[in-house]
Structures are given as structure tokens and as C-alpha cells.
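Under full-length UniProt numbering, think of the first position of the sequence shown as 1, with each following residue one higher.
All C-beta atoms in this analysis are idealised placements derived from N, C-alpha and C, irrespective of residue type, glycine included.
Remember, it's a predicted structure, so these values are computed and weren't measured experimentally.
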Amino acid sequence: MGKSRGAGVLLSMIAGVLAGVLAAGLVMLAFNSTTWGRVSEEAAPVFNMEAGSPRVSLAAVGDIMLARKVGRLMEEKGNHYPVDAIAQRLAAADVTFGNLESPIGTGGTPLPQKGIWFRAKPERVEALVLSGFDAVSIANNHALDYDSKVFLDTLDILDQRGIKAVGGGVDIDHARKPVIIEKNGLSIGFLAYSEMADIIWSFNYPRMLMASEDTPGIAPAGPRYEAEILEDVEKLAPNVDIVVVSLHWGTEYQYSPMDSQRDFGHRLIDAGVDLIIGHHPHTLQGLERYGNGLIAYSLGNFIFDQNFSQQTTEGLLLEVTLTPMGVENATVSPVVIPQSQPRIAAGEDAARVNKLTASLSKDLGLDFEWQFDMPVLSLQEDSGMKI
Numbered sequence: 001m002g003k004s005r006g007a008g009v010l011l012s013m014i015a016g017v018l019a020g021v022l023a024a025g026l027v028m029l030a031f032n033s034t035t036w037g038r039v040s041e042e043a044a045p046v047f048n049m050e051a052g053s054p055r056v057s058l059a060a061v062g063d064i065m066l067a068r069k070v071g072r073l074m075e076e077k078g079n080h081y082p083v084d085a086i087a088q089r090l091a092a093a094d095v096t097f098g099n100l101e102s103p104i105g106t107g108g109t110p111l112p113q114k115g116i117w118f119r120a121k122p123e124r125v126e127a128l129v130l131s132g133f134d135a136v137s138i139a140n141n142h143a144l145d146y147d148s149k150v151f152l153d154t155l156d157i158l159d160q161r162g163i164k165a166v167g168g169g170v171d172i173d174h175a176r177k178p179v180i181i182e183k184n185g186l187s188i189g190f191l192a193y194s195e196m197a198d199i200i201w202s203f204n205y206p207r208m209l210m211a212s213e214d215t216p217g218i219a220p221a222g223p224r225y226e227a228e229i230l231e232d233v234e235k236l237a238p239n240v241d242i243v244v245v246s247l248h249w250g251t252e253y254q255y256s257p258m259d260s261q262r263d264f265g266h267r268l269i270d271a272g273v274d275l276i277i278g279h280h281p282h283t284l285q286g287l288e289r290y291g292n293g294l295i296a297y298s299l300g301n302f303i304f305d306q307n308f309s310q311q312t313t314e315g316l317l318l319e320v321t322l323t324p325m326g327v328e329n330a331t332v333s334p335v336v337i338p339q340s341q342p343r344i345a346a347g348e349d350a351a352r353v354n355k356l357t358a359s360l361s362k363d364l365g366l367d368f369e370w371q372f373d374m375p376v377l378s379l380q381e382d383s384g385m386k387i
């Protein structure tokens with residue numbers, strides 16, 4: 001997308017954040033692979049590893065849906081509306097990534113018996129542009145809500161606006177093809193897959209979401225396709241510095257990943273993946289450090305209209321620093337989504353989401369302890385955090 005932001009912009013952003021921390025009287029952060037780090041209840045849990053060079057900052061968010069009530073709000077308030085409170089934060093990253101849950105285009109025919117159909121107007125892509133998105137996964141269960149017509153529209157519209165689509169394409173080879181982004185001398189390869197790719201919604205119209213040799217669609221995940229995914233990773237890893245895999249997986253509205261997800265995530269990291277970014281549950285889940293890789297099982301919702309529960313109106317912003325050695329450090333910031341407009345949480349909201357994130361991550365072996373009402377992340381030598 002040609003973002004013109006370098007070290008100066010990043011340093012300015014950091015300076016602004018630190019100024020805000022000091023003004024609020026919060027605790028400063030300091031970490032390495034064997035020390036403790038403390039943040040206030042209103043700040044985000046943070047961890048890091050040994051430094052490396054060059055570096056790239058990557059921001060990742062959860063499910064983005066620009067149709068239905070969100071689309072009506074954008075019609076009323078402008079295409080910028082959903083990202084008014086957070087676009088600047090996202091655009092400050094060298095690379096910005098998320099899961100585009102709604103296809104973008106016009107016309108098309110809704111897949112029979114699917115029940116829920118999303119289709120955003122072409123102009124809604126402006127919200128992504130304003131936020132500096134470099135790439136989005138389209139490997140999800142809504143990518144073909146309006147069949148191939150709007151799916152292909154989505155590919156074209158994203159391409160026209162300089163946003164790379166990963167996990168879907170005009171055929172299966174295209175869908176499995178990685179997107180490679182080069183920033184600051186570092187090459188980052190993205191792959192994306194969905195567990196919902198081989199569902200047939202109507203036997204009268206047996207159209208799976210999965211691409212084939214001659215049919216547009218998305219790249220599949222799941223036990224039947226594990227060998228193909230590992231093959232993709234093993235082909236990509238020697239040719240890039242960093243491998244990121246986005247997975248639309250798991251069970252909706254659940255705070256914990258399944259054991260099968262954890263097992264597969266571990267195998268991906270063993271194969272050469274540095275970072276796994278999960279979506280689909282519509283609620284946040286914990287993070288896990290395995291070997292030299294980081295797994296965010298679900299970042300929850302980001303732009304969505306699911307205001308029927310607290311858990312569907314909060315999520316996570318994951319910000320990581322990447323080096324040729326992998327993930328150097330990561331910050332997990334709590335997000336709340338009032339009126340489909342995500343923003344960094346503050347006060348009691350931030351404390352609640354941080355506490356939940358720490359608890360869920362502890363269940364996965366990433367230990368956030370609590371001392372003096374502050375979340376404390378203890379990084380031990382044997383925790384797998386150190387490269």
C-alpha cells in the first residue's frame with residue numbers, strides 16, 4: 001500500500017504512548033526473557049524476547065464485518081465511522097492485518113439455505129484503507145455468501161485499493177498461494193485457511209466454499225487438509241524471514257480452543273510458522289507460546305454488530321515486533337466495540353478484558369500472575385519464550 005511510515009513515525013507513536021503512561025501515573029514497562037514485567041490494570045499485558053534487527057511492527061485484529069447494521073451506520077455516518085477511534089493506531093504499524101468477514105461487491109446470488117449472508121458495498125473498503133490495512137484474510141465462512149460473483153468482486157476491489165487478499169482466489173492454487181510483504185528489509189509471508197471451507201449448505205446447490213482447480217473459493221483447513229497446509233508452510237519458510245498463518249477455526253462463542261487446535265498449531269510452528277492469528281469464535285481466546293512461535297487462538301470481533309453479549313463486543317489488538325529471528329515482542333491491547341466502533345478499552349473495561357486474557361492465556365501455559373492488583377507476566381528460561 002506504500003505506507004510512508006518509518007522509524008520516525010514509530011518513535012513518535014511510542015513517545016506519545018509513554019507520555020500518556022506517565023501522565024496517568026502508570027507503571028513503566030521493562031522486559032527480557034527472564035525478568036518480570038508489570039502493567040496497571042488499564043494497560044495491556046506485554047511480553048518480549050531478545051532483540052534482533054531489522055524490525056517490522058505488525059498489528060493484527062479480529063473479525064471485520066462491513067455489512068448489515070455496520071453498513072447502515074456507515075451509510076448514515078460515513079465510511080470512516082467504524083475506524084474513527086482506532087485507525088491512527090492501526091496505520092502506525094508497518095504492516096496491518098485482519099480477517100475480512102464480509103465480501104465486498106454488488107449483485108450476486110445468496111447461497112441457498114446458508115441463513116446469514118453478508119455483502120458490503122464497494123465503498124465500505126474505505127474503512128480498511130483509512131486504517132492502513134496491508135493484507136486481509138478472506139478464508140472464512142462468509143467469503144462466498146453471494147457466490148462467486150461477489151467473491152471475485154472482493155478480490156478486485158481489494159487489489160484496486162492496494163490491499164492484498166490471502167486465503168482465497170480464482171482457483172485452489174491461487175487460494176493457497178502466499179502473500180509476501182517486504183518491509184524494512186524483512187520479508188513476511190502470509191497464508192490463510194478456513195475450517196468451514198468444505199461445508200455444503202444445500203444439497204440442491206452443492207457449492208462448497210473451498211476453491212477447486214476450476215472454481216473460485218477459499219483455502220481449506222482441518223484434518224483432511226493438514227498435509228497440504230504443512231506443505232505450503234514448508235515451501236514458504238525457506239523463502240521468507242517470517243511466516244504468518246491465519247486460521248479461521250474453532251468453535252463460536254467459546255473462550256478456549258480445542259485440543260485439536262492446539263495440536264495443529266504446534267505442528268505448524270514445528271514446520272516453520274512464527275505467528276498464528278486465529279479468528280471465527282467471535283470472542284477472544286488466550287495466547288500460547290510454543291517453541292519459537294506465538295499462537296493467538298482468537299482475537300475476537302473487531303468491527304461487528306453482535307451486541308447481544310459482552311463477549312462479542314470485546315476483542316484484542318495484537319501488536320508484535322518481528323525480526324529475522326521471529327517474534328521479538330508482543331503487546332495485547334483490550335478492545336471494546338460500542339456501536340460497532342472498536343476502540344482501545346480504558347478503566348474497568350480494560351481491567352476486565354486484561355484479566356480475562358491473562359486467565360485464558362494461563363490455561364494455555366502463558367503465565368500472567370497477579371500482584372498488587374496488577375497483571376504480571378513471568379517469563380522463565382524454560383517457557384519457550386527465548387529463541
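Examine the Cβ distances between the segment 139-149 and the segment 196-213 and report whether three or more of them are shorter than 8 Å.
yes
Nearest to E182 by alpha carbon, out of L209, H174 and V243?
V243
If we count the other Cβ atoms within 10 Å of its Cβ and call it buried at 16 or more, is S246 buried or exposed?
buried
Rank P54, S53 and L66 by C-alpha distance to the C-alpha of I303 and give the top, closest one.
L66
Assuming V320 and L275 make a contact with CB atoms under 8 Å, what is their CB distance in whole Å?
7 Å
Exposed or buried, what is R72 when buried is set at 16 or more other beta-carbons lying within 10 Å of its beta-carbon?
exposed
Quick one: what's got a C-beta closer than 6 Å to D349's C-beta in the same chain, skipping five residues either side?
So the list reads V336, once near-sequence residues are dropped.
If you draw a straight line from the C-alpha of Q341 to the C-alpha of V83, how long is it?
6 Å
How many whole angstroms separate the CB atoms of I178 and L191, which I take to be in contact at a CB cut-off of 8 Å?
Reading off the sequence shown, one finds Pro at residue 178, where the question assumed Ile. Going by Cβ atoms, the distance from P178 to L191 rounds to 5 Å, so yes, they are a contact pair.
Do G300 and L284 have their beta-carbon atoms positioned less than 7 Å apart in this structure?
yes
Between the alpha carbons of A60 and Y297, how many angstroms are there, rounded?
12 Å
Apply the 10 Å Cβ neighbour rule to R224 and answer buried if 16 or more other Cβ atoms are within range, or exposed otherwise.
Within 10 angstroms of the beta-carbon of R224 lie fewer than 16 other beta-carbons, which makes it exposed.
Kindly indicate the opening and closing residues of the alpha helix (DSSP H) around V233.
Boundaries of the alpha helix (DSSP H) around V233: E226 to L236.
Would you kindly check if the distance between the Cβ of G132 and the Cβ of L158 is under 7 Å?
Using a Cβ distance threshold of 7 Å, L158 and G132 do not count as a contacting pair.
For N99, name the three-state secondary structure that DSSP assigns.
Correct three-state label for N99: strand.
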